[in-house]
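Numbering (our numbering), first residue to last: 348 to 632. Idealized CB from N, CA, C, for every residue including glycine. Here's the structure, in structure tokens; my notes come after.
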Amino acid sequence: MALSVSTGRPVDLRVELVDEVLDRVARSLQTVLLPDTVVRKRRSVGARTDRDTWVRVERRSLEKITTQGWNGTECAAHVRGVAQPQWHGCVVWRDPGGTAMWRADETGLLPGAPAGNAVLSEAPGLPDEWWEALNASLDALAAHETKRIATPDTDTITQDLVTKTIRRVFSGDFDTTVQRWVPAHADLNWANVTAPVFSLFDWEDWGNAPQGLDAASLWASSLAVPALADRVRRERRRDFGSRDGKLMTLFVCAKILGPYAHPEDSRLEPARRMAEQAVEELQAG
């Protein structure tokens with residue numbers, strides 16, 4: 348029987364019928380997915396199982412699957428020193444339409460609920476221990492070695508992508524060449540971390556990226572709450588103080604201020620101010 352999701356147009360799993368997909372996953376993993384726990388996102392669907400684990404199901408078009416694979420959660424299980432759910436196993440198959448792949452990863456349960464949405468509107472009230480765990484995890488991740496390349500927003504990050512993204516929005520006499528590439532989660536926002544106990548999840552896009560990408564991404568996710576954004580910058584000041592960190596600040600600001608900017612986005616003004624500062628500092632050398 349064909350799966351319910353059409354492959355002839357862009358797919359949003361928040362609105363598509365995915366019952367057959369979830370049934371297939373449950374049979375393959377020999378478990379039961381609890382229907383009242385299902386969480387639906389644009390590119391993924393997750394649910395708790397009857398054996399107290401979590402299953403995350405993702406659909407990705409073939410052109411978005413690089414030669415490195417898309418087994419981010421599986422590969423991240425080998426990174427030591429990072430607070431993350433334990434990985435148990437997976438099932439992968441090709442969509443009958445032939446244009447996409449499905450993957451379901453089973454992991455341990457999170458130690459708490461997500462800290463918020465991808466973009467916060469109010470501070471989550473995090474203890475100091477949370478920030479200590481965040482810093483320890485990001486530092487351990489950056490010290491890891493991998494051949495994976497990060498794919499933020501499913502786009503493989505390259506020097507060319509960094510330059511084009513920044514130059515599309517910002518001008519100025521400064522070099523956009525990245526000096527240091529380190530492993531990054533590449534989708535660090537408040538929807539992908541737990542609180543009050545810190546854990547980092549949704550690892551499908553992780554890999555090497557310019558230093559400071561994760562810090563800049565979390566900062567951009569915090570801009571509607573100025574005190575929280577300032578805390579992110581203080582905690583990750585080594586990243587933000589680096590030349591690459593300034594480039595990544597412009598990289599994330601370009602996505603906020605670019606051609607698809609929403610006029611009522613409360614992040615616009617703080618992003619514009621910080622971008623101006625970053626440009627000045629880069630031009631000063």
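For Thr596, the closest alpha carbon among the candidates Glu627, Phe545, Leu481 and Trp478 is that of Glu627. Residue range Gly554 to Pro557 is occupied by the beta strand (DSSP E) that includes Asn555.
Ranked by Cα distance from Ala625, the options Asp520, Glu551, Val572 and Ser569 are led by Asp520. Beta-bridge analysis with DSSP links Glu492 to no other residue. Around the beta carbon of Gln630, a 10 Å sphere encloses fewer than 16 other beta carbons of the protein chains shown; the residue is thus reported as exposed. With fewer than 16 other Cβ atoms from the protein chains shown falling within 10 Å of its own Cβ, Gln433 counts as exposed. Taking Thr501 as the centre and dropping the five residues before and after it, the same chain places the C-beta of Lys411 closer than 6 Å to its C-beta, in chain order. Just measuring C-alpha positions, the residue of Gly559, Pro573, Ala542 and Asp586 sitting nearest Trp478 is Ala542.
Per DSSP, reduced to three states, the secondary structure at Arg614 is coil, with no helix or strand assignment. By the criterion of a C-beta distance shorter than 8 Å, Cys437 is surrounded in its chain by Asn418, Thr420, Glu421, Arg450, Ala451, Asp452 and Glu453, once the five residues flanking it on both sides are discounted.
From the listed residues Gly459, Phe598 and Gly463, the smallest Cα separation to Ala430 is found for Gly459.
Burial state of Pro530 is buried, judged by a 10 Å Cβ sphere holding 16 or more other Cβ atoms.
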